[in-house]
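S.K.:
Residue numbers (the numbering used here): 232 to 327.
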């Protein structure tokens, strides 16, 4: 999805849109206002979806980082436990 926050509303008063005004037979101002309103609603929806997607991606990144941290901490703990067991066995052998 492309970032819609940088979108610029088209100039609906430009000649390019004259055919819409002509086809409807309504005053240009009414048609232009309707086009602006429609574009604005669509733009707001796109921005909302974009923001939601970014929030979900950031949440997933955060959760993945927390999971990695937990794995590293668990591995470190297991190494410490194994080292303590090894030291304990070594001490018992040497004390005999």
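From the three backbone atoms N, C-alpha and C, an ideal C-beta is built for every residue, glycine too.
What residues in its chain sit with their C-beta under 7 Å from that of residue 263, if we drop five residues either side in the sequence?
M.R.: Within the same chain, residue 263 has close Cβ partners 243, 244.
S.K.: For a quick check, are the C-beta atoms of residue 281 and residue 235 less than 8 Å apart?
M.R.: In this structure, residue 235 lies closer than 8 Å to residue 281 by Cβ.
S.K.: Just to confirm before moving on: does the CB-CB distance between residue 232 and residue 310 stay below 8 Å?
M.R.: It is not a contact, given that the beta carbons lie outside the stated cut-off.
S.K.: Assuming residue 252 contacts residue 259 under a Cβ cut-off of 8 Å, what Cβ separation, rounded to an integer in Å, is found between them?
M.R.: Indeed they touch by this definition, with Cβ atoms about 5 Å apart.
S.K.: Might you give, ordered along the chain, the residues of its own chain that have their beta carbon closer than 8 Å to the beta carbon of residue 274, omitting 5 neighbours on each side?
M.R.: Excluding sequence neighbours, residue 274 sits near 235, 238, 240.
S.K.: What residue range does the alpha helix (DSSP H) around residue 296 cover?
M.R.: Where residue 296 is concerned, the enclosing alpha helix (DSSP H) stretches over 259 to 325.
S.K.: Which first and last residues belong to the alpha helix (DSSP H) in which residue 249 is found?
M.R.: 249 to 255 is the extent of the alpha helix (DSSP H) around residue 249.
S.K.: What would DSSP say about residue 237, mapped onto helix, strand or coil?
M.R.: Reduced to three states, the DSSP call for residue 237 is helix.
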